[in-house]
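Enquirer: Residue numbers (this note's numbering): 5 to 388.
For reference, the structure I am asking about is given below.
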């Protein structure tokens, strides 16, 4: 008689836990975005009702329920530290290069102390090549002044090259200080792409199809590992066309890593061949962490560092991205940054309210369908 194979319940349980986390996070991030009225008051930092009708009162109660019963459990679903170094992290080869991700800085009232402490620790302990800021870089009512101040601080005091995209909290005046949120470059055998939504009402957004067309064209040209920087994650889907972007990225095996922020907690989700990293907030997370990315010829190893007892310490959190043989880096590659590539006409468009945004989203969907039906070009998938 054939022996029955023992079922392995751990992977099933882990996948169920991940799915549960996606549902909770989607609810937590999406419900507050349904109402465009101000649900908070900056002076007293308490949730208040302001000029809300009966329907919006219901949304407020749902939001309050989620905050009370879901938010306390999110830390238990975070990436957990490992007491031992995994075998795949024990590598004798020196990293080709390293970069740091700063997520959700939320600079307000010109307080840069958190960033300065992290910068000093990084400068002292690592040979870093550049920083990446993945959105929600400023907060507060006067975003224009904060954007200008942050630009000056990064240029004069950071001490490293940096790349930056906008988030849902800092779309206003981002372009005046930093330029476009769509860029790509190659560095030491890895291609990096930063992109952001361009039609938004702060917390909710959609992208122009010409930018998805630019993104797909940029990815299609690459034969090397590609890393995508977003602010709002695809998992959980916290923006309207997350599914469209997921399908686009999963078509290309060279896309190995998607790096996001927005949630303020430390999560990872693996879907298809892509690792989705949701980095915790430097400002809002209790541990004030940042992530260090070490790039090797056949993998990227990610380490998390947190602030404790007056200094930064390694959190014993390990994450990895493995390259298949076809994408492994050659022994010698250019050590210079390639020129930034940006799409034409990438201006952020602001809309007044959610119905207007949904109408625009619906129009884009109709354009996409008509283009797909009537276009005779095989490679044309998105309308211009």
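We treat Cβ as the ideally placed atom computed from N, Cα and C, and that holds for glycine.
Report the three-state DSSP secondary structure of residue 204 (helix, strand or coil).
Expert: Strand, per DSSP.
Enquirer: Does the pairing of the region 134–142 with the region 105–114 give three or more beta-carbon distances under 8 Å?
Expert: Result yes; three or more Cβ-Cβ pairs closer than 8 Å.
Enquirer: By a C-beta neighbour count over all protein chains shown, 10 Å radius and 16 as the cutoff for buried, is residue 287 buried or exposed?
Expert: By the 10 Å Cβ count, residue 287 comes out buried.
Enquirer: Give me the Cα-Cα distance between residue 259 and residue 202, rounded to the nearest whole angstrom.
Expert: For residue 259 and residue 202, the distance between alpha carbons rounds to 22 Å.
Enquirer: Measuring straight from C-alpha to C-alpha, what distance separates residue 47 and residue 146?
Expert: Below a pLDDT of 50, predicted positions are generally treated as unreliable, and residue 47, at 41, falls in that range; the measurement from the model is reported next regardless. Distance between the alpha carbons of residue 47 and residue 146 is about 14 Å.
Enquirer: Please report the Cβ distance between residue 181 and residue 155, rounded to the nearest whole angstrom; I am assuming they are in contact, meaning their Cβ atoms lie under 8 Å.
Expert: Confirmed, about 4 Å.
Enquirer: For residue 52, count neighbouring Cβ atoms within 10 angstroms of its own Cβ and tell me buried if that reaches 16, exposed if not.
Expert: Only weak support exists for where residue 52 lies, its pLDDT of 40 falling under 50; the value from the coordinates is given anyway. Label assigned to residue 52: exposed.
Enquirer: Check the Cβ-Cβ distances between residue 88 and every residue of chain B, and say whether any is below 8 Å.
Expert: Protein chain content of the structure displayed is limited to a single chain, and chain B is not contained in it.
Enquirer: Please state whether DSSP places residue 122 in a helix, a strand or coil.
Expert: Residue 122: helix per DSSP, three-state reduction.
Enquirer: Under the DSSP definition of a beta bridge, which residues are partnered with residue 195?
Expert: Residue 195 is bridged to 190 and 230.
Enquirer: Going by the beta-carbon positions, is the gap between residue 170 and residue 149 smaller than 8 Å?
Expert: For residue 170 and residue 149, no; Cβs fall outside 8 Å.
Enquirer: Take every Cβ of the region 90–102, pair it with every Cβ of the region 160–174, and state whether three or more of those distances are shorter than 8 Å.
Expert: Contact fails: fewer than three Cβ-Cβ distances are below 8 Å.
Enquirer: Please go through the same chain and pick out, in chain order, the residues whose beta-carbon is closer than 6 Å to the beta-carbon of residue 175, but skip the five residues on each side of it.
Expert: Result list for residue 175: 204 and 352, in chain order.
Enquirer: Just to confirm, are residue 316 and residue 122 a CB contact at a threshold of 8 Å?
Expert: For residue 316 and residue 122, yes; Cβs fall inside 8 Å.
Enquirer: Going straight from the alpha carbon of residue 96 to that of residue 362, what length do you get?
Expert: Approximately 52 Å between the Cα atoms of the pair.
Enquirer: Less than 8 Å between the CB atoms is what I'm expecting for residue 275 and residue 239, so what's the real figure, rounded?
Expert: Yes, they are in contact, since the Cβ atoms of residue 275 and residue 239 sit about 7 Å apart, within 8 Å.
Enquirer: According to DSSP, simplified to helix, strand and coil, what is residue 182?
Expert: In the structure shown, residue 182 sits in a helix (DSSP, three-state: H, G or I).
Enquirer: Would you check if the distance between the CB atom of residue 172 and the CB atom of residue 211 is smaller than 8 Å?
Expert: Taking 8 Å as the Cβ cut-off, residue 172 and residue 211 do not qualify as a contacting pair.
Enquirer: For the beta strand (DSSP E) containing residue 223, list its first residue and its last residue.
Expert: Note, residue 223: premise wrong, no beta strand (DSSP E); alpha helix (DSSP H) at 213–224.
Enquirer: With distance defined between alpha-carbon atoms, name the residue in 80, 79 and 94 nearest to residue 322.
Expert: Checking every option, the nearest Cα to that of residue 322 belongs to 94.
Enquirer: Just tell me which of 116, 247 and 263 has its CA closest to the CA of residue 234.
Expert: Looking at the Cα atoms, 263 is the closest of the given residues.
Enquirer: So, at 6 Å on beta carbons, what are the nonlocal neighbours of residue 277 in its own chain, with the 5 sequence-adjacent residues on each side left out?
Expert: Closer than 6 Å at the Cβ level, and outside the excluded window around residue 277, lie 257.
Enquirer: In whole angstroms, give me the CA-to-CA distance for residue 250 and residue 338.
Expert: Computed Cα separation, rounded: 30 Å.
Enquirer: Express the C-alpha separation of residue 91 and residue 366 in angstroms, rounding to a whole number.
Expert: Distance between the alpha carbons of residue 366 and residue 91: 49 Å.
Enquirer: In whole angstroms, what separates the C-alpha of residue 360 from that of residue 84?
Expert: Taking the straight line from one Cα to the other gives about 41 Å.
Enquirer: Look at residue 187 and residue 89 and say whether their C-beta atoms are less than 8 Å apart.
Expert: The answer is no: Cβ separation not under 8 Å.
Enquirer: Kindly identify the DSSP beta-bridge partner or partners of residue 111.
Expert: Its beta-bridge partners are 142.
Enquirer: Tell me where the beta strand (DSSP E) around residue 170 begins and ends.
Expert: Residue 170 -> no beta strand (DSSP E), and no H or E assigned at all.
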